[in-house]
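Quick note: the UniProt record's numbering has the sequence shown finishing at residue 143, numbered continuously throughout.
Here a beta-carbon is modelled for each residue, glycine too, at the ideal position from N, C-alpha and C.
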Amino acid sequence: MAVLKDFAADQELQTPIGYRAPELCQQSGAHTCISNIWCIGCTMAEVVLGRPLFDMEDDEPIATFLDRVRSIVHPEGDLNPGPLHGRLLDVPHRFNELGANLIQSLLVYEPRGRLTVQDAIGHPYFSDFDPDMLCEYNNASDK
Numbered sequence: 001m002a003v004l005k006d007f008a009a010d011q012e013l014q015t016p017i018g019y020r021a022p023e024l025c026q027q028s029g030a031h032t033c034i035s036n037i038w039c040i041g042c043t044m045a046e047v048v049l050g051r052p053l054f055d056m057e058d059d060e061p062i063a064t065f066l067d068r069v070r071s072i073v074h075p076e077g078d079l080n081p082g083p084l085h086g087r088l089l090d091v092p093h094r095f096n097e098l099g100a101n102l103i104q105s106l107l108v109y110e111p112r113g114r115l116t117v118q119d120a121i122g123h124p125y126f127s128d129f130d131p132d133m134l135c136e137y138n139n140a141s142d143k
């Protein structure tokens, strides 16, 4: 497991390996904003599927785990529907084509192929999102 330091609370937090971007599972990886995009994609996929997308067995070598990850996601941003896309759409009444495309775009193996934060926010999946609705909700909860 990765150990993250929460400097505000001065506590160590454990992050399951299944949520870590592939580049962080290897010695060469540095933590960046784009590696957080991977984690967001894993979390969204878990919400849709009802279970974690990637589980690592206790005795599984990291290379084997990464090979399994590579078999599910696109390597460099080729966003033709792949195995992950189909798995997301197989869950009845949970997700649509745009949502599956968004998650698939967040979970690209090579960091340079993933959506940026700005691209993710501008993804067509969020086209119906009304930010004023969020403000109305926040204002109502303040009363």
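Open item on the list: Taking the beta carbon of Val73 as the centre, do at least 16 other beta carbons fall within 10 Å, making it buried, or is it exposed?
Closed with: As a working mapping, residue 73 is identified with position 73 in the sequence shown. When all chains shown are included, Val73 counts as buried.
TODO: State the start and end residues of the unbroken alpha helix (DSSP H) segment that holds Gly41.
DONE: Looking up residue 41 in the sequence shown gives position 41. Counting along the chain, the unbroken alpha helix (DSSP H) around Gly41 starts and ends at Cys33 to Leu49.
Open item on the list: Residues in the same chain with beta-carbon distance under 7 Å from Met56, minus the five sequence neighbours each way, listed in chain order, please.
Closed with: Here residue 56 is taken as the residue at index 56 of the sequence shown, counted from 1. Counting only Cβ-Cβ distances below 7 Å, and skipping sequence neighbours, we find Ile17, Gly18 and Phe65.
Task: Simplified DSSP assignment, three categories, for Val73 - done: As a working mapping, residue 73 is identified with position 73 in the sequence shown. Coil, per DSSP.
Open item on the list: Excluding the 5 residues flanking Val91 on each side, which residues of the same chain have their C-beta closer than 7 Å to its C-beta?
Closed with: Taking the first residue of the sequence shown as position 1, residue 91 is located at position 91. Only Val48 and Leu49 meet the Cβ criterion.
- [ ] Going by DSSP, name the residue or residues bridged to Val117.
- [x] Counted from its first residue, the sequence shown places residue 117 at position 117. None, per the DSSP bridge assignment.
Open item on the list: Between which two residues does the alpha helix (DSSP H) holding Ile103 run?
Closed with: Start at 1 with the first residue of the sequence shown, and residue 103 comes out as number 103. Segment Glu97 to Leu106, the alpha helix (DSSP H) holding Ile103.
- [ ] With distances taken Cα to Cα, identify the nearest neighbour of His123 among Gln104, Arg112, Glu110 and Tyr109.
- [x] Working through the sequence shown from its first residue, we reach residue 123 at position 123. When each option's Cα is compared against that of His123, the closest is Gln104.
Open item on the list: So, at 8 Å on beta carbons, what are the nonlocal neighbours of Gln26 in its own chain, with the 5 sequence-adjacent residues on each side left out?
Closed with: Here residue 26 refers to the residue found at position 26 when the sequence shown is read from its first residue. For Gln26, where only same-chain residues beyond five positions count, the Cβ hits under 8 Å are Ile62 and Leu66.
- [ ] Mark Arg114 as exposed unless 16 or more other C-beta atoms lie within 10 angstroms of its C-beta, in which case mark it buried.
- [x] Indexing the sequence shown from 1 puts residue 114 at position 114. Classification of Arg114: buried, given that the 10 Å Cβ count is 16 or more.
TODO: Please report how far the alpha carbon of Phe126 lies from the alpha carbon of Arg70, in whole angstroms.
DONE: As a position in the sequence shown, residue 126 is number 126, starting the count at 1. As a position in the sequence shown, residue 70 is number 70, starting the count at 1. The alpha-carbon atoms of Phe126 and Arg70 are separated by roughly 27 Å.
Task: First and last residue of the uninterrupted alpha helix (DSSP H) at Leu53 - done: Taking the sequence shown and counting its residues from 1, the one referred to as residue 53 is at position 53. That residue, Leu53, is in no alpha helix (DSSP H); it is neither H nor E in DSSP.
Open item on the list: I need the boundaries of the alpha helix (DSSP H) containing Glu23, first residue and last residue.
Closed with: Counted from its first residue, the sequence shown places residue 23 at position 23. Start and end: Pro22 to Cys25.
- [ ] Look at Leu102 and Trp38 and say whether their C-beta atoms are less than 9 Å apart.
- [x] Position 102 of the sequence shown, counted from the first residue, corresponds to residue 102. Position 38 of the sequence shown, counted from the first residue, corresponds to residue 38. Taking 9 Å as the Cβ cut-off, Leu102 and Trp38 do not qualify as a contacting pair.
TODO: Could you check the C-alpha separation between Pro111 and Asp58 for me, to the nearest Å?
DONE: By one-based count along the sequence shown, residue 111 stands at place 111. By one-based count along the sequence shown, residue 58 stands at place 58. Looking at the two C-alpha atoms, the distance is approximately 26 Å.
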